Amino acid sequence: MTVTALGAAVRRKEDHRFITGKGQYTDDINRPGQAQAYFLRSPHAHATIKGIDLSRAKGMPGVVAIYTGDDVAADKVGGLICGWMIHSKDGTPMRAGPHPILAQGKVRYVGDHVAVVIAETLSQAKDAAEAIVVDYGVLPANADTSKAQGAPEVHSEAPNNTVYDWHIGDKAATEAAFKAAKHVTTLEIVNNRLVPNAMEPRAAVGEYDAGNDALTLYTTSQNPHVARLVLSAFIGIAPEHKLRVIAPDVGGGFGSKIFIYAEETVCVWAARKCGRPVKWTADRTEEFLCVAHGRDHVTHAELATDAEGKITGLRVKTIANMGAYLSTFASSVPTYLYATLLSGQYAIPNIYAEVDAVYTNTAPVDAYRGAGRPEATFVVERLVEAAAREIGMDPAAFRRRNFVTKFPHQTPVIMMYDCGDYKASLVKAMEMADVKGFGKRRREAAKRGKLRGLGYSTYIEACGIAPSQAVGSLGAGVGLWESAEVRVNPVGTVEVLTGSHSHGQGHETTFAQLVSSRLGISIDNVSIVHGDTDKVQFGMGTYGSRSGAVGMSAISKALDKIEAKAKKVASHVLEAAEADIDFKDGKFTVKGTDKSVDFGTVALNAYIAHKFNPQELEPGLKEGSFYDPTNFTFPAGCHICEIEVDQETGVATIAKWTAVDDFGNVINPMIVEGQVHGGIAQGVGQALLEGAIYNKDGQLVTASFMDYTMPRADDLPSFDVGMTVTPCPSNPLGIKGCGEAGAIAAPAAVINALTDALGTEEVPMPATPQALWTVIQKQSRAAIAAE
Amino acid sequence: MPTVTLTVNGRSVTADVDARTLLVQMLRENLHLTGTHIGCDTSQCGACVVHVDGKAVKSCTTFAVQCQGAEVVTIEGLAQDGKLHPMQEAFREHHGLQCGFCTPGMIMAAVDIVNRKGAVDEATIREELEGNICRCTGYHNIVKAVEAGAQAMTGKVPARQAAE
């Protein structure tokens, strides 16, 4: 028997099925009688639909049905929703256009859903889609964030393509701080648009059970209960008790599988309509065109400092691209997930941020790993690094002078930091990175013709996305607690039903570790059940690094109740007073005696109910909890990137990466480090490689892995990862969350290293060899001109 | 419709397939071997890597009819007599996977790398894994897993590492 301790690097329970090819992803599921769906998508970024001629397509071999927006309207199927209300400065609610699951009268981006063809085979569906004739009236389009206000109108509901113009902070006080400042640092920042690109493309299978008038949807979701709620309550597919949503093994999400999309909605609606199970799997280009993208901000940012190098104010104006429709949580990303983190790790007395959210003729933009917090960190950490250089201070010393050191700390932008030790993570990272030896390494690199730079990113994030009352007051349409049910079987094995969803995070291991350590039973005797609305009571799902802090805390609360009830049962078994029962290492013991009974025996007695009066104590051993934390959590840390740029080619090579993160208490360091590695890779991808590019006609020219540069093994170094720990006070396990840190910290560390290496603040993302070569040429031309 | 006969994981199989059927489609749809995944349509991601006559092949760019008479091994056929292949063990031991979607292709590619190159060092592994994309792990632990798997397969440490 292996009882696993919290903090042990337990190997993952779920791995066996994945390494043997026995994982069960949505595309691996096939239902009897299943037909294949294929979506006819708009080739235009902006056009009216003057007519659709289906006559030839309907007669094509294998066609089961073809539906368009007219069928959706006739069936009164609701549109997709955005679940977070944001109000503009003048108090008016955000201006959102409708988001039908199949286009009605107009298409607004390349890839927009025009019709669905359902056929016996995918090839037949594709062939029939080619035979559909759509009469488009092509309209001028705009994909450019900075030009959206004034561009052709995407939705008549949103004049000037402005969904909202929102602000936060004290404008007058911040203006006063800038007037009084000794020094002001200004940066123009473009936070590049990214495509999440989970390796498993999105997929869905909808199935209708006519006998019970019930629907089942298998789908690639990070939050199946939320999907069911939206499909039922807002889109009107079926009432919740008649709709089962199953998210089986999911091959990565990174935010992109939070949202409720047109395709899965169409599959489950069409399954009833055509009487066949309907399956759809995105190919990679469809995924590029239609998955919710991430980032895409254009920002003017300023930092005010006084004569002592203390930050006195921070001011930003951001335009955030929402794409052509508001995705499920899009509105919250550039507001409450972004501007509330603009204080970074620093005691900044005055902050004012304005954010305009704009429509463009591009794919919707929503939360992608970090969601708003990478954008905020990039602004703050670029400003801090640039300011330190401008005023001639060492960037690390400048940070230390401005760190928050007393907790709790109330920032001017809502957040109340509960705990942390920012100096500790900075100092540890500097030691691990051998910052002292950097000068020598830089000189050595120069001899090889390489420009070597070092960049810091001391980031903070707000995670565990909760508590419900707080997010409700900020406009969220849902509560953000998590639920758990712990079912102890008569033989003492345990099933945990959790509302969290694992799509790579290893919950089947870490959650089982918690149960194993608490109940003193083998981890092999614990199963974690998730991803099925018929099995799990309810759940808000996994995003915002919330599964540990919120999801596991719910399990912990349920385990408290299990222990309390088991003690009552044990008191009868041991014939002692309940108050005299101790529970430790899987054993119930009568205090001060050697009388004890193990957990399994107590579980059996709870079910056979022979030794207690069932009128006084209910049989069975099963408890649940809905846990709502008291605050966000605030993971923070320091990443240091050391980079070399080849002056001849502009190729940047990361020489060394050091990460020291404070995630509070850690259940499984192996898994946590893995999360950090993956996050850094995505952040480095944003900084050096990745960028979704639309041309002036609104065509996505980076719509495959041949055009959009994903980080590959030879683009990255091995990472040096360390930790510091300040346990989180706002949840019972002291966990802060680790899933997004790397992606939040990394871009600023890379660009700070590159700007250090090149001696200019003007380095764009992605800093491709071409971009860097251009910067180097500009630098040398300027140097020649100066001579 | 052409008839294709080939050996998959030691078992002889015959199927009537459309001439345009890809090997990955035949594996997944005709033979229900869903361990081989499709992550892209441009032969970039490597989620579909299988072995054909002992060599790593991207099954999304191989027609089933091209494999007439071939010996195909998929991720489902790698473990022998219920015992995991050393590379599978290494991926688990070194946390070389998270969501698991790229994993079958990664493992099949890694076995092929070792078959061709023997005990490999980090730089070689990173270069050799160019054709396989992982979005979860940042490759850090995949590289460690392949290094360990290679040592377990060959009983050797890589030459550069041995020299240090």
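As given, the protein sequences belong to chains S and G, one line each in that order. Using our numbering, count along the first sequence one by one with no gaps and you end on 790. Using our numbering, count along the second sequence one by one with no gaps and you end on 1280. Note that beta-carbon positions come from the ideal geometry of N, C-alpha and C, so glycine has one too. Here the structure is a predicted model, which means the values were calculated and not measured.
Can you give the Cα-Cα distance for V600/S and A561/S, rounded to whole angstroms?
So the alpha carbons of these two residues sit roughly 22 Å apart.
Just how far apart, CA to CA, sit V1189/G and F1217/G?
F1217/G has its alpha-carbon roughly 18 Å from the corresponding atom of V1189/G.
Can you tell me whether DSSP reads T408/S as helix, strand or coil?
T408/S: coil per DSSP, three-state reduction.
Close Cβ partners of T321/S (< 6 Å) along its chain, the five nearest in sequence each way excluded:
Cβ within range, chain order: H300, T302 and V358.
Closest to Y362/S by CA distance: which of P155/S, I351/S, K538/S and K659/S is it?
Of the residues P155/S, I351/S, K538/S and K659/S, the one whose Cα lies closest to the Cα of Y362/S is P155/S.
By a C-beta neighbour count over all protein chains shown, 10 Å radius and 16 as the cutoff for buried, is Q413/S buried or exposed?
Under this definition Q413/S is an exposed residue.
Where V1129/G sits in the DSSP three-state scheme
DSSP places V1129/G in the strand class (E or B) of the three-state scheme.
Where does R784/S fall in DSSP's three states?
Helix.
Starting from C277/S, trace the alpha helix (DSSP H) both ways and give me its first and last residue.
From DSSP, the alpha helix (DSSP H) with C277/S extends over A265 to C277.
Less than 9 Å between CB atoms is the rule here; does K282/S satisfy it with respect to chain G?
Chain G contact via Cβ: absent.
So with Cβ pairs under 9 Å, would you call K453/S a contact of chain G?
It does not: the Cβ of K453/S has no partner Cβ on chain G nearer than 9 Å.
Among V253/S, H575/S and V518/S, which one has its Cα closest to the Cα of K598/S?
It is H575/S.
Whole-angstrom distance between M1222/G and N734/S, CA atom to CA atom:
Their Cα atoms are separated by approximately 38 Å.
Please report the residue range of the alpha helix (DSSP H) in which K1233/G lies.
Here the alpha helix (DSSP H) through K1233/G covers T1219 to K1233.
Leaving out five residues on either side along the sequence, give the residues of the same chain with a beta carbon under 6 Å from the beta carbon of E1187/G.
Cβ neighbours of E1187/G beyond the five flanking positions: T1123 and D1169.
Ranges of the beta strand (DSSP E) found wholly within the segment 616 to 698 of chain S, counting only runs of at least 3
List check, beta strand (DSSP E) in window: 625 to 630, 639 to 649 and 655 to 665.
Given this structure, state the Cα-to-Cα distance separating F602/S from W484/S, to the nearest angstrom.
Straight-line measurement puts the Cα of W484/S at about 29 Å from the Cα of F602/S.
Using three-state DSSP, classify P1118/G as helix, strand or coil.
The three-state secondary structure of P1118/G, taken from DSSP, is coil.
Just to confirm my understanding: we take V193/S, look at its own chain, exclude 5 residues before and 5 after, and list those with CB closer than 6 Å. What are they?
Once the five neighbours on either side are set aside, the close Cβ partners of V193/S are V301.
So, does the segment 1239 to 1252 of chain G touch the segment 200 to 219 of chain S, judging by three or more C-beta pairs under 8 Å?
Yes: the two stretches touch, three or more of their Cβ pairs being nearer than 8 Å.
Opposite H1148/G in the DSSP bridges: which residues?
H1148/G is not bridged by DSSP to any residue.
May I ask you to report which of helix, strand or coil DSSP gives R385/S?
R385/S: helix per DSSP, three-state reduction.
Can you name the residues that DSSP bridges to Y112/S?
Beta-bridge partners assigned by DSSP to Y112/S: none are found.
What does I1229/G reach in chain S if we use C-beta pairs closer than 9 Å?
Going along chain S, no residue has its Cβ under 9 Å from I1229/G, so there is no contact; the nearest lies around 11 Å.
Would you please verify whether the beta carbon of N1257/G is less than 9 Å from any beta carbon of chain S?
For N1257/G, the answer is yes, since a Cβ of chain S falls inside 9 Å of its Cβ.
Who does T71/S pair with in a DSSP beta bridge?
DSSP output for T71/S lists A118/S as bridge partner(s).
Quick one: is N200/S near chain G, going by C-beta distance under 9 Å?
Taking Cβ atoms only, chain G reaches closer than 9 Å to N200/S, which makes this a yes.
Note down, in chain order, each residue of its chain lying with its Cβ closer than 7 Å to the Cβ of I463/S, except the 5 sequence neighbours on either side.
In the same chain as I463/S, and ignoring 5 residues on each side of it, the C-beta atoms closer than 7 Å to its own belong to L344, G347, Q348, F637 and A639, in chain order.
Could you list which residues in chain S have their beta carbon closer than 9 Å to that of E1243/G, in chain order?
Per Cβ cutoff of 9 Å: A716 and D717.
Chain G residues whose Cβ lies nearer than 8 Å to that of Y28/S:
Chain order gives the chain G residues near Y28/S as T1150, H1153 and F1217, where near means a beta carbon separation below 8 Å.
Within 9 Å, strictly: CB atoms of A131/S and A122/S:
Here A131/S is near A122/S, since their CB atoms are less than 9 Å apart.
DSSP-derived helix/strand/coil call for D216/S
Here D216/S sits in coil by DSSP.
May I ask which residues mark the beginning and end of the alpha helix (DSSP H) holding G745/S?
Looking at the DSSP string, the run of the alpha helix (DSSP H) that includes G745/S is A744 to L761.
Could you tell me which of Y420/S, M418/S, V383/S and M419/S sits nearest to R402/S, measuring between CA atoms?
Nearest Cα to R402/S within the set Y420/S, M418/S, V383/S and M419/S: V383/S.
I'd like to confirm the pairing. Which residues does DSSP put opposite A307/S in its beta bridges?
Paired residues: V187/S and G316/S.
Per DSSP, the bridge partner or partners of N194/S
For N194/S, which the question treats as bridged, DSSP gives the partners H300/S.
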